[in-house]
Every structure is written in structure tokens, then in C-alpha cells.
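Residue numbers (the working numbering): 24 to 460.
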């Protein structure tokens, strides 16, 4: 666990420093010293090994910089701030949390976390400084940062972390499994999850089903801290020595110092984005109205094409599988009838070819549709069942024109004459065997 590892490594560094400046072998001997002396030693620890200017002082040493000590001091400085912020969140100290925002800003700037950088700038410079009234600031501090579900003094947690825990309880810890799970069951279970958690915690505390360090022996964590303390003391990590050089690949970045140096450039860009002049000469009402009208016309055209090109929603029989399937009324535009519209003109088809779709067809598609019509289908995709003798009467009366064409061949092998009849409304029908087909 990374959080636990940071605490253990920091504790080992602090123990090494106390051994170094106090000259005692066992830290229990510090109990005999006065409180003022301990406070002086603690201030010396922060000033020489974990302060904000410690790294600058170590790098400017005329005898040579101790790179290992620089890295150790940088780690202690960063981890101290992490521990302070973590304990402030745990105990609900809003003042310390607000005071840590500028320190977080430097790290976010150097770490290229642009979204967090903007949030820190807006909260420290604009929101909590000028824009928000005092009532809004107090409400945000008290009710929008931390939450306490336990009622204990150290039971506070950030709202986003509490939300992640709740999601983990729903999806992992108390997840629902099985074929009979439905939404009604989930609506009953999810409100009861906090009660289930409270009962489980109470049962564990009452019956002691799980305890840590039951035996009266030295815990493993304490052994690890003591081992790190011995390693740091033996290597004289906190003693300045010019010959302590770190490999290039082990050199740690100084995010805090680099963030301070980059703050001016970031602040300049943020101020320019907040204060540039905005034009108010445009008529936004007319622009929005015209855009809405264009969108409405586009949607209307799409719906019109859909109504014209969607196949019939009647159940149809598939040729290969002989299974009935129903075409959805809102079929996508990439359907085969839109890509190949002449299929809609085949004889006997009940699909209509709308005139608005005819305008969007290419020349090749129009020619194919015309050839389909000549074979016996009108422009609406339906067969003309008018008797042949009436067509002949119309031809004799001069209402239609007729011309002879080559004889057609029936599947039976017999040759029969065919006549192509041109109506006055330009509908084409082919006459075969004395009847319209």
C-alpha cells in the first residue's frame, strides 16, 4: 500500500535524524529531556532537512553538493506536506486544507496537470478572494469538501473518495449476482448497503473475527522501520558529504521548486484568458434563430428521405432460411434500397419510389429504374393490371402511341409478339400475349 509505505519511510528518516542530532542509541532516552529541548530539535529537523530552502542551501554548498542528501531532504519535504494534508482531511481541519492549496498549485504546474492548476488558481485568486460572498465561501468550506459517515473525530473523508467507496460497495463488495437479479431487486438492495456495512463492522468489533498483531511479538512494520533506520544511519544519509553522488537514472525531479519558477508564466496565460475583450456587436438572437432553422430543415429532410426509402414494415419471408423477419420502420440510410434504388422498381413490388428520391438518384440509377419500368412496372413500383383490349382501343383512338419491337421469348420457348405502349402521362407498359404484364 503506497500510503502506508510513505508513512513508514518518513518515520525511518525521522528516527535516523533524532539519533543523529541527539546522540542517543535508543529513542526512549528522549523521554528524559525537557519539552523545550525537544521543540528546539524538532525545529532544527524541519529547518535543516525538510524545509523549503533546504534543497537550495544544499545545492549552493561550495564544497560540492551531496546528491543523496538532496534527494532525502526533498522526499522528507514532500512527504511532510502529504502527511499534513492527509491528517487535515482525516480530522476535518478546513483551515489547513485551504492553506495547502498554494503548495498543491506548484506541484500541479510542474506536473502538467492543467485542470487541477486552473481549479487551484480560481479557488485561491478569484473564488475565495473576490467573487464569492462570505456566505457562499463558508458553505463551500463546510459542506462541499469533506463528509463524515461515522460520526467519529477522525472519520472525515473527501467527497470524491466517499463516492468511490460507495461505487466499490455496489459493484464489488455487495454486488448482485444470479439470473434472477432485476432492477426491482437492485432498488431494494442499494439503500440497505450502509446498514449492512454498519452491522458487519459491529459484528467484527464484538466477536473479534479479525485482529492485527494478536501475538505479543514485534510487528512486521516495526521491524521494517528499524531496518530502514539502521541502513540510513550506516550510510550516513543525513550527513553532508561531497562524494555522495547519485546515478543519473535515480535523480528525482524537484517539482515544488520548478513549479515556483513556472508560476509566473502560468499566471500570465490564465489572466489573459480571463480578461481578454469580448465583442458584443453581433446579434446572437438572429444567429441562433438561423442555426436552429437550418437544423430543423435538415432534420425534416432526413425524416422525409427516411419515409421515402424505408422498406415496408410487413413481415417478409427470407429466401434462404425461409424465416420471417420484420424490417424496423427506422432503418438506417445505408440500406440496400437506398444504395440500389432500382430494386424498388422490380415487377410485383409493393414499395413506392417517391419523386423526391428520384431527384437524388444518379444517372445510372435512373436508367436502371427506367429499364425496370419498361419490363412491366410503372413509376410507383406497381404493375398495371389494365386489360390489353382497352390499351389497344386507346391506341386505335389516338390516345396512345405504339410501335413494334422484336419478339420476346417466353420460358416455354414459344415466341410471342410484344408491344410497348406510350401513355400520354409518360407511363411505360409492356404488352405480352394479349395482356399487360
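Ideal Cβ positions, reconstructed from N, Cα and C, are used throughout, including at glycine.
{"Query": "Within 10 angstroms of the Cβ of residue 72, are there 16 or more other Cβ atoms? Answer buried if so, exposed if not.", "Result": "buried"}
{"Query": "Report yes if the C-beta distance between residue 261 and residue 63 is below 8 angstroms; otherwise report no.", "Result": "no"}
{"Query": "Go ahead and label residue 352 buried or exposed: buried means 16 or more other beta carbons lie within 10 angstroms of its beta carbon, across all protein chains shown.", "Result": "Low local confidence applies: a pLDDT of 40 at residue 352 is under 50, so the model's placement there is unreliable, with the coordinate-based value given in what follows. Result: exposed."}
{"Query": "Check whether the stretch 135 to 154 touches the stretch 74 to 81, counting contact only when three or more Cβ pairs, one atom from each stretch, lie closer than 8 angstroms.", "Result": "no"}
{"Query": "Within the present structure, is the beta-carbon of residue 319 separated from the nearest heavy atom of the ligand PLP by less than 7 angstroms?", "Result": "With respect to the ligand PLP, the structure offers nothing, as it holds no ligand at all."}
{"Query": "For residue 179, name the three-state secondary structure that DSSP assigns.", "Result": "strand"}
{"Query": "Please classify residue 170: does DSSP put it in a helix, a strand, or coil?", "Result": "strand"}
{"Query": "Between the Cα of residue 213 and those of 92, 190, 229, spot the shortest distance and give me the residue it belongs to.", "Result": "190"}
{"Query": "Is it the case that the stretch 277 to 289 contacts the stretch 122 to 136, given that we only count it when at least three CB pairs across the two stretches are under 8 angstroms?", "Result": "yes"}
{"Query": "Is the beta carbon of residue 93 less than 8 angstroms from the beta carbon of residue 181?", "Result": "no"}
{"Query": "Could you compute how far the alpha carbon of residue 55 sits from the alpha carbon of residue 48?", "Result": "14 angstroms"}
{"Query": "Do residue 31 and residue 177 have their CB atoms nearer than 8 angstroms?", "Result": "no"}
{"Query": "Please classify residue 97 as buried or exposed, where buried requires at least 16 neighbouring CB atoms within 10 angstroms.", "Result": "buried"}
{"Query": "For the stretch 68 to 94, list the alpha helix (DSSP H) runs that are entirely contained and at least 4 residues long, ordered along the chain.", "Result": "77 to 82"}
{"Query": "Given residue 291, which residues of its chain have a CB within under 7 angstroms of its CB, disregarding the five upstream and five downstream residues?", "Result": "none"}
{"Query": "DSSP state of residue 252, grouped into three classes?", "Result": "helix"}
{"Query": "Looking only at C-alpha atoms, which of 126, 259, 217 sits nearest to residue 196?", "Result": "217"}
{"Query": "Whole angstroms are fine: how far does the CA of residue 204 sit from the CA of residue 219?", "Result": "19 angstroms"}
{"Query": "May I ask you to report which of helix, strand or coil DSSP gives residue 282?", "Result": "helix"}
{"Query": "Quick one: residues in its chain with C-beta nearer than 7 angstroms to the C-beta of residue 252, no 5 flanking neighbours on either side, listed in chain order?", "Result": "35, 38, 39"}
{"Query": "If distances are taken between C-alpha atoms only, which option among 300, 263, 289 comes closest to residue 83?", "Result": "263"}
{"Query": "What do you reckon, are the CB atoms on residue 155 and residue 117 nearer than 8 angstroms?", "Result": "no"}
{"Query": "Taking the alpha carbon of residue 221 as the reference point, which residue from 173, 202, 187, 119 has its own alpha carbon closest?", "Result": "173"}
{"Query": "Pop quiz: residue 89 and residue 267 are said to be a contact at Cβ under 8 angstroms. What is the actual Cβ separation, rounded to whole angstroms?", "Result": "5 angstroms"}
{"Query": "Terminal residues of the continuous alpha helix (DSSP H) containing residue 49?", "Result": "Here residue 49 belongs to no alpha helix (DSSP H), and DSSP marks it neither H nor E."}
{"Query": "In angstroms, rounded to a whole number, what distance separates the CA positions of residue 211 and residue 199?", "Result": "11 angstroms"}
{"Query": "Of all the options 46, 29, 163, which has the alpha carbon lying nearest to the alpha carbon of residue 121?", "Result": "163"}
{"Query": "Got a sec? Which residues, its chain only, sit under 8 angstroms from residue 192 by beta carbon, not counting five neighbours each side?", "Result": "216, 220"}
{"Query": "Throw me the rounded Cβ distance for the residue 102 and residue 50 pair, which I believe falls under 8 angstroms.", "Result": "With a Cβ gap of about 19 angstroms, residue 102 and residue 50 do not count as contacting."}
{"Query": "With H, G and I counted as helix, E and B as strand and the rest as coil, what does DSSP make of residue 24?", "Result": "coil"}
{"Query": "Over the uninterrupted alpha helix (DSSP H) stretch that includes residue 486, give me the two end residues.", "Result": "In the structure displayed, the chain extends from 24 to 460; residue 486 sits before or after that span and is not available."}
{"Query": "Roughly how many angstroms lie between the CA atoms of residue 106 and residue 126, to the nearest whole one?", "Result": "13 angstroms"}
{"Query": "According to DSSP, is residue 102 helix, strand or coil?", "Result": "helix"}
{"Query": "Considering only C-alpha positions, which residue in the set 81, 184, 314, 293 is nearest to residue 148?", "Result": "293"}
{"Query": "On the three-state DSSP scale, how would you describe residue 150?", "Result": "helix"}
{"Query": "From which residue to which residue does the alpha helix (DSSP H) around residue 301 run?", "Result": "That residue, residue 301, is in no alpha helix (DSSP H); it is neither H nor E in DSSP."}
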